[in-house]
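Residue numbers (the numbering used here): 94 to 512.
See the structure below:
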């Protein structure tokens with residue numbers, strides 16, 4: 094079973110997972126009429142057969158009206174059949190509604206994201222360019238606080254990148270040129286420093302575009318059970334069609350004239366119209382239920398298998414976290430006063446502009462401690478190179494960051510440091 098956890102990305106479409114809005118229902122109604130195109134109905138033999146009989150009933154009604162003959166029965170059959178086809182289309186469109194709304198939101202995010210395109214590297218000329226207009230091979234500059242506009246490879250620089258929007262992991266990762274950690278994904282955010290990125294994916298083939306296609310359901314493949322059921326429905330439809338057509342010969346042999354409209358109505362009553370009308374909607378609705386809890390399924394088979402899952406083992410915290418690390422409590426080790434810990438942590442975070450560092454400053458403010466950097470102090474901002482932040486003042490140093498980086502900065506060997 095393959096599923097993709099995209100909690101923060103799904104939160105970009107907040108409100109989509111709620112109750113159906115009038116706009117969503119209106120869109121679904123419009124889509125229901127658009128799906129009356131026979132080319133879109135050929136994949137569902139039951140509804141396609143119902144559409145054919147509805148067209149024939151409509152033609153019979155028009156002919157009866159022109160000939161001034163009884164047309165009430167034919168009109169009733171036509172109305173009921175068109176209502177059946179529209180209801181099937183509407184049910185499928187409603188099931189697709191949230192996915193399309195989510196895709197529209199993600200697509201709007203992609204269009205509104207601006208990239209800093211480097212047009213002249215020597216002169217340092219940068220032009221703001223929409224993300225969807227970037228081409229393979231172009232080089233962009235991504236600085237702290239910027240969203241990576243497209244998939245690419247870092248050719249210069251090092252930065253701390255928040256990939257929570259893609260992986261769900263709350264901790265930023267270090268990305269740098271060279272090696273196997275030089276790739277960046279569109280939709281992620283640079284937390285510190287800067288990088289130059291060479292675009293490696295054409296517009297429409299980026300990771301975010303594939304996410305949009307999954308949410309929208311455009312690439313959803315039928316599961317083996319859906320295929321088997323569709324084959325069964327097609328077989329039943331063919332059998333009942335042969336049975337109804339045979340009645341014409343039996344009636345002619347017996348001298349009984351059978352009304353084609355009656356035979357058409359009988360045929361629709363015999364075939365499994367309800368199952369055929371709701372088959373595609375059921376599959377889409379399963380993926381929609383996962384979307385409401387911010388999980389995107391990459392296949393319909395995964396949705397079917399999820400129904401049999403009793404125990405779920407998660408291999409990383411990003412699957413169940415919100416994607417942003419926020420300080421809620423400082424726990425001192427034995428022998429350290431809580432107020433001293435709070436003060437030291439706050440001083441070490443004054444130069445940390447990452448969400449984690451800002452949350453520590455906010456936590457200290459809520460606990461009544463507000464400090465500014467002392468006069469003449471040296472504030473050390475967090476960077477991907479040093480992997481730490483801190484402050485030096487009056488011969489004292491406060492540091493916060495990776496343990497090995499802090500110990501190395503202090504001239505200590507991380508292997509000999511006490512645990």
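Built from N, CA and C at the ideal position, the CB exists for glycine as well.
Check your understanding: Got a sec? Which residues, its chain only, sit under 7 Å from residue 112 by beta carbon, not counting five neighbours each side?
Key -> Stepping through the chain shown from its first residue, residue 112 is reached at position 19. For residue 112, the predicted structure reports a pLDDT of 49, less than 50, and the residue's modelled location is therefore unreliable. A value from the coordinates is still provided. So the list is empty, once near-sequence residues are dropped.
Check your understanding: What is the residue span of the beta strand (DSSP E) that residue 144 lies within?
Key -> Numbered from its first residue, the chain shown carries residue 144 at position 51. Here residue 144 belongs to no beta strand (DSSP E); instead the alpha helix (DSSP H) covers 138-159.
**Study point:** Among 340, 355 and 354, nearest to residue 348 - alpha-carbon criterion
**Key:** Locating residue 348 in the chain shown gives position 255, where the first residue counts as 1. Minimum Cα distance to residue 348 is reached at 340.
Practice item. Give the single residue among 134, 366, 345 and 342 whose Cα lies nearest to the Cα of residue 329. Key: Stepping through the chain shown from its first residue, residue 329 is reached at position 236. Taking each of 134, 366, 345 and 342 in turn and checking the Cα distance to residue 329, the smallest one comes out for 366.
Check your understanding: Short check: CB of residue 125 to CB of residue 172, under 9 Å?
Key -> Counted from its first residue, the chain shown places residue 125 at position 32. Counted from its first residue, the chain shown places residue 172 at position 79. No, they are not a contact pair.
Check your understanding: What three-state label does DSSP hand residue 227 in the structure shown?
Key -> Within the chain shown, residue 227 is the residue found at index 134, counting from 1. If DSSP states are grouped into helix, strand and coil, residue 227 belongs with coil.
Check your understanding: Out of curiosity, what's the CA-to-CA distance linking residue 175 and residue 364?
Key -> For the purposes of this step, residue 175 is taken as the residue at position 82 of the chain shown. For the purposes of this step, residue 364 is taken as the residue at position 271 of the chain shown. Residue 175 and residue 364: Cα-Cα distance of roughly 16 Å.
**Study point:** Nearest-angstrom Cβ-Cβ length linking residue 211 and residue 232, presumed shorter than 8 Å
**Key:** By one-based count along the chain shown, residue 211 stands at place 118. By one-based count along the chain shown, residue 232 stands at place 139. Contact holds; Cβ gap of about 5 Å.
Exercise for review: May I ask which residues mark the beginning and end of the alpha helix (DSSP H) holding residue 295?
Suggested key: As a working note, residue 295 is residue 202 in the chain shown. No alpha helix (DSSP H) holds residue 295; DSSP gives it neither H nor E.
Check your understanding: Buried or exposed: where does residue 449 fall if 16 or more other Cβ atoms within 10 Å of its Cβ makes it buried?
Key -> Position 356 of the chain shown holds residue 449. Its Cβ being crowded by 16 or more others within 10 Å, residue 449 is buried.
Check your understanding: Got a sec? Which residues, its chain only, sit under 7 Å from residue 158 by beta carbon, not counting five neighbours each side?
Key -> Sequence index remark: in the chain shown, residue 158 carries index 65 (1-based). 164.
Review point. Which one of 368, 288, 335 and 369 has the shortest CA to CA distance from residue 356?
Key: Residue numbering aside, residue 356 sits at position 263 when the chain shown is read from its first letter. Nearest option by C-alpha distance: 335.
Review point. Roughly how far, in whole angstroms, is the beta-carbon of residue 184 from the beta-carbon of residue 354, given that I think they are within contact range, below 8 Å?
Key: Along the chain shown, read from residue 1 onward, the residue named residue 184 stands at position 91. Along the chain shown, read from residue 1 onward, the residue named residue 354 stands at position 261. Contact flag wrong, Cβ pair sits at about 26 Å.
Review point. In three-state DSSP terms, what is residue 164?
Key: Here residue 164 is taken as the residue at index 71 of the chain shown, counted from 1. Three-state result, residue 164: coil.
Practice item. Kindly indicate which three-state DSSP category residue 286 falls into: helix, strand or coil? Key: Numbered from 1 along the chain shown, position 193 holds the residue referred to as residue 286. In the structure shown, residue 286 sits in a strand (DSSP, three-state: E or B).
Check your understanding: What residue from 484, 479, 487 and 491 has the CA that sits closest to residue 498's CA?
Key -> Counting from 1 along the chain shown, the entry for residue 498 is found at position 405. Ranking 484, 479, 487 and 491 by Cα distance to residue 498 puts 479 first.
Check your understanding: Is residue 267 closer than 9 Å to residue 257 when the C-beta atoms are compared?
Key -> Against the chain shown, residue 257 aligns to sequence position 164. Against the chain shown, residue 267 aligns to sequence position 174. No, the Cβ-Cβ distance between residue 257 and residue 267 is not below 9 Å.
Review point. Within 10 angstroms of its Cβ, does residue 265 collect 16 or more other Cβ (buried), or is it exposed?
Key: Stepping through the chain shown from its first residue, residue 265 is reached at position 172. So residue 265 ends up on the buried side.
Check your understanding: Quick one: what's got a C-beta closer than 7 Å to residue 293's C-beta in the same chain, skipping five residues either side?
Key -> For the purposes of this step, residue 293 is taken as the residue at position 200 of the chain shown. Closer than 7 Å at Cβ, skipping near neighbours: 229, 244, 245 and 246.
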